[in-house]
Structures are given as C-alpha cells and as structure tokens.
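> Residue numbers 1 to 611, in the numbering used here, belong to the letters of the sequence shown in order.
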Amino acid sequence: MSDAATVSLPRRDELPLEDTWALETIYATPEHWEQAFLAHDANLSEIEPLRGALGSSAAALLAGLKLRDAVIDELWTIDLYAGLRAAEDTGNATALAMLDRGEGLIARTMAALSFMEPELLAIDPATLAEFRRQEPALAEYDHYFQRLADRRAHVRSGEVEELLAMAGEPTRAFESIHTALSDADMRLGTITDSNGQTVELGQGNYLTYLHSPDRRVRQAAWETSSDAYLALRNTFAANYAGTVKRDVFYARARNYSSSLEAALAPERIPPAVVENLLAAVRANFPTWQRYFRARARLLGIEQAHTWDISEYPLAAPGKVEPVHFSWQQGIDLLEKCLAPMGDEYVGITLQGIRDRWVDRLPNIGKTSGAFSSGWRGQHPFILMTWHDDLGSVSTLAHELGHSIHSYYTWQTQPVIYSEYSSFVAEVASNFNQALMGAWLLENETDPNVIITTIEERMGNHLRYLFTMPILEMFEMDAHAKVEAGDALTAEGMIETLAGFYREGYGDAVALDHDRNGITWARFPHLFQPFYVFQYATGIAAAAQLAAQVRSEGQPAIERYTNFLKTGGAQYPVDALRDAGVDMLSTAPVDAAFATLAGYVDKLEELLDAME
C-alpha cells in the first residue's frame, strides 16, 4: 500500500448515476421536497383540535394515534431527503438550507404533538382497557401503551412537555457545533508523505495516512491531527461539557435518578448490562495486550504506539501482500459469505445493490465515513467510499446489515414500531461481518488473505470491544462528575481518558498522554448519551447469533429473521433473548473475547511460521 496520490475529486454532478444512491425514489426533485415541506408545515394546524379529546372515546383515541403516525411518517421522510442531500455534498448550500429548515420543522412538529403523551397518560387504565375492548384496532398500540406506562413517572404536564419539546432544537446544537468545528473549520495540519510531498490532512484522507505502510507517515498523521484537536481542547471541552449538562438537565427534568437511568430505562435495559460489559472488557485487557504485541511483531517493531494499532487496514511491508477486491469481487464475496442465511436474505442484499441503495464513489464535499439511513416507505440508503480492499467489503457488509434490519422492520411493522432500539442497532451490521470473517478463515488458504482477514476482524473488534468501552468509561465518569456538581475541564478530561488508555494498553503500547487523552474530541458518537457501550454489546450479540446460524441452520435463521422483523415492537433485551442471546449475562461478551483470543492464537502461529 502506498500513500494516495493527490488527485482532484469529481464534483457530485460528474459521478456516474449508477454509482450513486437513488434519492429520486424519495422525491423526484428538490422542488417536490419543498412542496412536501410546506404541506406538512401547514397541516400541523390539524393536530390542535385533538388537544383535550384523546380520552373522550375509543374512536377519538384511535383517530389521534393514527394522525400522529401519519405526521411522523411524513416528517421523517422529509428529514431523510434533506439529510442525505446534505451528506452527499456538504458544500451544497441548498441542501444545507434544507437540512436546517428540516431541524426547525422537527422542533415545530414535536411541539405540536407534545400534549399527546401527557393526555394519554391521564387516561385511567380501566378506561383504556375498555377502549381497547371497544376498538380492536387499538391492539396495535399495546406495546406502545406499555412503554408509555413505564414512563408515567417521567412524563410531565402538557405545558412542561411543550416547553421541553421547544428546547429540543437549541439543545441539539452541540453536535452541530462539533461537526462544524471538526469537519469544516478546523485544519488538521500538513505532513510529508512517503514520496516527500507535503500534503494537507483532512477528515477525508486522515485514515489513508494513518494506515500508511510508512511508519513515519503514520506517526506524523497521528501526532499532527491530534495536535490540531489539542490546540482547540478548551473549545471542544466546553462544547462537550454543554452536552453532558444537557443530558443531566433532561434526566432531572424527567425525574430520573441519573442520566444513565434516563438513557436506559425507556428500553428496560438494566444498568448491570453496562457494568457487566465494562468489567468483562477490563478483565480481558490482557487479550488485547497479547494482540498489540503480535501486531508489533507483524510490523517488525519493538513496541507498538497508537499509530501502529489503529483500525484496519494497516500494511506490513515484506510480510503481507495487499489483498484487493473490486466492487464486483466484493459483491461476489458477500454473496458467498451470507449464504448461510438462505436465498431470501441474500436476494434482498443483491436487490439492494441493483436498486442503488449504495453511494460508493468519492466526490468533493461528500461526508466522510459510512452509514445506513432511511425510513419506512423507502428503501434503505448507504453512504460509503469504496477503496478496492477487504476493509471496503467489510464496511459494505456492515452497512447492508443495518439496511436489511431496517428493510425487514419496515416491511413488517407499523409506523409506531418502525424504529428499532439503539441497543440492537449494531447487531445486524456486525452479524454480516461475523459471517464474512468466518467464511474467509474457513475457506481461504493464502496466508496474505488469512492475516488480512484476522487484521480486519481484530481491527473491527478493536473499535467495538476496546475503544468504545474505554469511551464509555470516560462518558460515565463525565456524567458522574456533572451530577456531583464538579466541573468538566479540558485538562481533566484528557487526564481521565489517558488513564483509561494506560489501563488498556498496559506495557504493550506506549502511551502518548495528551494525544491519547484528547481522543474523545474525535468522536461525535458521544453526543448521543450512553450510546457507545452499545457497539460492544452489539458485536458480542452478533457473534453469538452468527455462530448459531452456522451451527444450527434453519431454526437459528428463523429466530434471527424474526428478530430483524421485530423493530420497536419488543423491548430489546427480550428481543435478543428470543433470538438466542442472553444480554443479562456476561456470556456473549466472554464468548466474543474467546473468539478474539483464537484470532490472536492463529496470528501468532502464522508469525512463528514466517520468522
């Protein structure tokens, strides 16, 4: 692998249509979006007559719920289009204006609907049961009413709920500020590449240089970009502190004992799930330290630094030859790897490729990274950049997992259950990657492919079962400090995170105190409270489910497919239990680390044969 040559990226309108996502299936043109936006805004007035009437009769209750479903369905379709247009070209002023207007529309819609939950909670349970008897169509909302009852002590009066809804738009600004600062305003600096050329680092090319086979380039990319974050440490810290204070404010406004409880209680996720996870990760830090030492051997260095253990891919000159996959070769590989799930699942995957779910080429202004998005009534949409390597195949597998989860949910569930819990969001994506890794390690004989596969698997787990749990430790510490009335400062946060990295690295990786300590500023994930731990629980559950599909066949396929169809119609811990995974125990995480230990064993065996 060599550093990417400096090339001029194409404009968005220069890309071949077949390699872009089919946004015209949502709205044919931006003008059609504008019409939908204006109609939705005007129709919000239809909600007000429902105020005070929801509990008057079974018919009124059903009509109110159906109207809200229609409003939400339309709103998220409008928001989807604006968000995807902005993501494909962040320099498109029209799309950015649409996105901004969409944020305002969301706030107005939520404010208009804010009276509903207090009114619904005011309906006496006996009356609700009678309404349910009179109007069988209300059965669709049984699980919703159960969730609402769980929140009874945390839903405020109609007036307070309206005020909290109105506060939604300004309190969501912290993530937008972080994005603007990190992706637009901040300059990561310049480095000298392996050809002696001065290049400017950006969010779009940073990983290219961090994964360079030239160790000097990797070090320069890591240190230079980290120093850019450190130069703005106080700004990033003040913004993140505002986010934490927001979380604490909402938790207290809704009578939760802590911000962690506020995040977990609506999904009936016991705090013990997080506590057990972090304890299991800490207990398995020695497994990671074994891998870091093996990685140093692979790279031919005495001791690894952070820039040597970044997520896949990272070349090892002289030991591992690059493994290339064209777009079509990647699709062909996925078809083989996903075959254990059967024809229907593979067919949906291939249909997604044909129907242009995927936006895969780079262009000026395209959002970095990868994601799957969408809403019911549409097919899913995937943004990524294809690099002709195994990492790209893995990314596609991951995002297709998200997409198929959404596809099954939207095909099965009504509006009210069209969103699945964030607790299960990373299960389907990692399930695909688990199947892919298992197939490659069983069927490939080329040591280059085997080592590359192990590195891909370990790199993915490094993010999910090392970095994300460490960030969760940091997040829990930050919220605990604010809840105790303590200040969050840049230096304090750097010290805290550096301490967690020191614990994880042991003596296997050299700690770069301030640069490791500022890593929290790189992660926009922290602006969604207590989300990052769910990467770890998700990958652990996925590994167990994939193993069951491969060993049991059809019974496990049916359980897993039913899980994908569940959406939000079941509490997530219950849905995973029915699929075959007990997240209240440490078994899934322990099993995931046992698998990782096996990867390290195989890597050490191959290294012994090479040396």
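The beta carbon of each residue, even a glycine, is placed where N, CA and C say it ideally should be.
Got a sec? Which residues, its chain only, sit under 7 Å from Ser421 by beta carbon, not counting five neighbours each side?
Answer for Ser421: Glu267, Gly568 and Pro572, listed in chain order.
> Does DSSP put Ile191 in a helix, in a strand, or in coil?
Ile191 falls in the strand class under three-state DSSP.
> Within 7 Å of any Cβ in chain C, is that where the Cβ of His402 sits?
The question asks about chain C, but that chain is absent: this structure has only one protein chain.
> Using only the alpha-carbon positions, how far apart do Trp222 and Glu426 sit?
Roughly 27 Å between the two C-alpha positions.
> State the DSSP-derived secondary structure class of Thr198, mapped to helix, strand or coil.
Reduced to three states, the DSSP call for Thr198 is strand.
> Looking at the unbroken alpha helix (DSSP H) that takes in Ser394, where does it start and where does it end?
That run of the alpha helix (DSSP H) goes Leu390 to Thr412.
> Could you tell me which whole alpha helix (DSSP H) segments of length 4 or greater appear in the segment 177–260?
If we require 4 residues or more, the alpha helix (DSSP H) runs fully inside the segment 177–260 come out as 206–210, 215–231 and 233–253.
> Rounding to the nearest angstrom, what Cα-Cα distance links Phe37 and Ile78 in this structure?
Between Phe37 and Ile78, the C-alpha separation is close to 7 Å.
> Any idea what DSSP makes of Val358, helix, strand or coil?
It is a strand residue.
> Count Cβ pairs between the segment 354–371 and the segment 459–474 that sit closer than 8 Å; are there 3 or more?
No: the two stretches stay apart, fewer than three of their Cβ pairs being nearer than 8 Å.
> With DSSP collapsed to three states, give me the class of Phe523.
Coil.
> Do Glu103 and Glu31 have their beta-carbon atoms positioned less than 7 Å apart in this structure?
Their beta carbons are not under 7 Å apart, which means Glu31 does not touch Glu103 by this criterion.
> So what does DSSP say about Leu299, is it helix, strand or coil?
In this structure, Leu299 counts as helix in the three-state DSSP scheme.
> What residue range does the alpha helix (DSSP H) around Phe563 cover?
Gln554 to Thr566 is the span of the alpha helix (DSSP H), which, as asked, contains Phe563.
> If you draw a straight line from the alpha carbon of Leu105 to that of Arg293, how long is it in whole angstroms?
Roughly 52 Å between the two C-alpha positions.
> Do the segment 279–292 and the segment 587–600 make contact, defined as three or more Cβ pairs closer than 8 Å?
Enough Cβ pairs lie closer than 8 Å, so yes.
> Quick one: which unbroken alpha helix (DSSP H) runs of 4-plus residues sit fully inside the segment 411–459? Chain order, please.
With a minimum length of 4 residues, the continuous alpha helix (DSSP H) runs that stay inside the segment 411–459 are 427–443.
> Comparing alpha-carbon positions, which option in Ile416, Gln351, Ala540 and Ala228 lies nearest Gly202?
Nearest of Ile416, Gln351, Ala540 and Ala228 to Gly202, Cα basis: Ala228.
> With DSSP as the reference, label His510 as helix, strand or coil.
Going by the sequence as given, residue 510 is Ala instead of His. Note: Ala510 maps to strand in three-state DSSP.
> Kindly indicate the opening and closing residues of the beta strand (DSSP E) around Ile470.
Segment Met468 to Glu483 is the alpha helix (DSSP H) holding Ile470; no beta strand (DSSP E) there.
> For the segment 180–189 against the segment 226–242, are there 3 or more C-beta pairs whose distance is under 8 Å?
With the cut-off at 8 Å, the segment 180–189 and the segment 226–242 touch.
> Near Leu333, what residues of its chain come up, given a Cβ to Cβ distance below 7 Å and the 5 sequence neighbours on each side ignored?
Same-chain partners within the cutoff: Phe325 and Val393.
> Quick one: any contact between the segment 231–249 and the segment 475–488, if contact means 3 or more CB pairs under 8 Å?
Yes, they touch.
> For a quick check, are the C-beta atoms of Arg463 and Ser418 less than 7 Å apart?
No, the pair does not count as a contact, with Cβ atoms beyond the cut-off.
> Met436 to Cys337, Cα distance in whole Å?
One C-alpha to the other measures close to 5 Å.
> Whose C-beta lies closer than 7 Å to the C-beta of Tyr256 among residues of the same chain, with five residues either side of it excluded?
Here the set comprises His154, Ala262 and Ala265.
> Quick one: is Ile301 buried, meaning 16 or more other Cβ sit within 10 Å of its Cβ, or exposed?
Classification of Ile301: exposed, given that the 10 Å Cβ count is below 16.
> Note down, in chain order, each residue of its chain lying with its Cβ closer than 6 Å to the Cβ of Phe613, except the 5 sequence neighbours on either side.
Residue 613 lies beyond the residue range present for the chain, which begins at 1 and ends at 611; the question has no answer from this structure.
> Among residues of its own chain, excluding the 5 on either side of His305, which ones have a beta-carbon nearer than 6 Å to its beta-carbon?
Closer than 6 Å at the Cβ level, and outside the excluded window around His305, lie Ala510.
> Report the partner residues of Ala304 according to the DSSP bridge assignment.
Answer by DSSP bridge pairing, in chain order: Val509.
> For Asp343 and Tyr240, I'd like the C-alpha separation in whole angstroms.
Cα-Cα distance, rounded: 46 Å.
> Spatial neighbours of Pro529 within its chain, please: C-beta separation below 7 Å, excluding the five flanking residues on both sides.
Cβ neighbours of Pro529 beyond the five flanking positions: Asp247, Ser259 and Ala263.
> Across the segment 80–94 and the segment 112–127, are there enough close Cβ pairs to call them in contact, namely three or more that are closer than 8 Å?
The segment 80–94 vs the segment 112–127: no contact.
> So Val424 packs on Ala575, CB below 8 Å; how close in whole Å?
Yes, Val424 and Ala575 are in contact; Cβ-Cβ is about 6 Å, under 8 Å.
> Could you please give me the residues that DSSP links to Phe381 through a beta bridge?
Phe381 pairs with Ser373.
> Can you name the start and end residues of the alpha helix (DSSP H) that Phe37 belongs to?
Here the alpha helix (DSSP H) through Phe37 covers Pro30 to Asn43.
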